[in-house]
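Have a look at the structure below, then the notes.
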Amino acid sequence: MKYLIITADDFGYSPVFNKVILDLLEKGYLTNTTVMVNRLTEEQGQQLERLKALRISGDISIGLHLEFRDHKNYEKEIQEQVAAFQKIFHRKPDYLDIHKYPSFKDSFRSVAAECRNLHVPCRNTGPAFLAEGILSTPDKVFFGTVKDFSRIKEWLETLEDGDFHEILFHPGKRDPACRSSLNRQRELDAEHVVMLDSQLQKHDIRKANYLDFKAKKP
76 MKYLIITADD
86 FGYSPVFNKV
96 ILDLLEKGYL
106 TNTTVMVNRL
116 TEEQGQQLER
126 LKALRISGDI
136 SIGLHLEFRD
146 HKNYEKEIQE
156 QVAAFQKIFH
166 RKPDYLDIHK
176 YPSFKDSFRS
186 VAAECRNLHV
196 PCRNTGPAFL
206 AEGILSTPDK
216 VFFGTVKDFS
226 RIKEWLETLE
236 DGDFHEILFH
246 PGKRDPACRS
256 SLNRQRELDA
266 EHVVMLDSQL
276 QKHDIRKANY
286 LDFKAKKP
């Protein structure tokens, strides 16, 4: 048996994206999402309540999707966003990860330190995080935002029995008011999330979230 965390990044980026993410979470296609606390608005209030209800049920996990303005004051920005998350959800994040992490590799040590402080995992984005000695999935997260679904099917063939793995999507619909670089890709991502469901039994894969992952690790 393999365990797969199925993630939608970017909750909070756009109410249009949120709507699709919530629908996929509520239908059980997704098991995890990440929240961009600095982008949440009053307009998203009802959507946020739906997300909180899903987390209370224990069916999903919710991570903090850290955003950085520049390459200064990482510790301060991390602490501010963690505090904002805790104020909204009345709990600590289930794990941490970094928005557009290739551009902020120098933040890894600060993020790892906060993971240790909170006793939460961090998304595996490569060897640098594993070197910091924090809890993380054994292999790097798979970037599922691809045009050809066959690439996802090929990746599923590589998963190891007994291990937890994570696949990352950016589902939504095109939002003309949003400047996301992935705006046009989001509808296809939503389709791929649904298509993934039919592949799981074939590959002896069980859906999981970060709560399951942490519960099975010492």
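Here the numbering used here = 1-based position in the sequence shown + 75.
Think of the CB as a built atom: it goes at the ideal place given N, C-alpha and C, for glycine as much as any other residue.
Practice task
Just the C-alpha distance for residue 76 and residue 147, rounded to the nearest angstrom, thanks.
Solution key: 43 Å
Problem - Beta carbon of residue 142 nearer than 9 Å to that of residue 184 - result: no
Practice task
Report buried or exposed for residue 124, applying the criterion of at least 16 other Cβ atoms within 10 angstroms of its Cβ.
Solution key: exposed
Exercise for the section: Quick one: residues in its chain with C-beta nearer than 8 Å to the C-beta of residue 280, no 5 flanking neighbours on either side, listed in chain order? Expected result: 76, 77, 78, 79, 231, 234 and 274
Exercise for the section: Buried or exposed for residue 110, please, with buried defined as at least 16 other CB atoms from any protein chain shown within 10 angstroms of its CB. Expected result: buried
Problem - Presumed contact (8 Å Cβ cut-off) between residue 100 and residue 129, rounded CB distance - result: 6 Å
Handout entry: 3 or more residues per run - each beta strand (DSSP E) lying fully within the region 222-267
Key = 239-244
Practice task
Compute the Euclidean distance between the alpha carbons of residue 160 and residue 226, then round it to the nearest angstrom.
Solution key: 34 Å
Exercise for the section: Please classify residue 83: is it buried, with 16 or more other beta-carbons within 10 angstroms of its beta-carbon, or exposed? Expected result: buried
Exercise for the section: Note down the Cα distance separating residue 198 from residue 119, rounded to an integer number of angstroms. Expected result: 26 Å
Practice task
Let me know the secondary structure DSSP gives residue 143 once reduced to three states.
Solution key: coil
Practice task
Can you give me the Cβ contacts of residue 174 inside the same chain, cut-off strictly under 6 Å, excluding the 5 residues immediately before and after it?
Solution key: 140 and 142
Handout entry: Reference residue 163, options 194, 245, 117 and 196, closest by Cα
Key = 117
Exercise for the section: Sort out for me which residues DSSP pairs residue 78 with in a bridge. Expected result: 239 and 281
Problem - Cβ-based neighbour list, residue 193, same chain, cut-off 6 Å, excluding 5 preceding and 5 following - result: 167
Handout entry: residue 236 to residue 251 span [Cα, whole Å]
Key = 42 Å
Handout entry: Nearest neighbour of residue 214, chosen from 240, 221 and 228 [CA to CA]
Key = 240
Handout entry: Where residue 171 sits in the DSSP three-state scheme
Key = strand
Exercise for the section: Check each candidate in 289, 287, 222 and 285 and name the one with the smallest Cα separation from residue 268. Expected result: 222
Handout entry: CB of residue 283 within 9 Å of CB of residue 108, strictly
Key = no
Handout entry: Alpha-carbon spacing of residue 169 relative to residue 289, whole angstroms
Key = 9 Å
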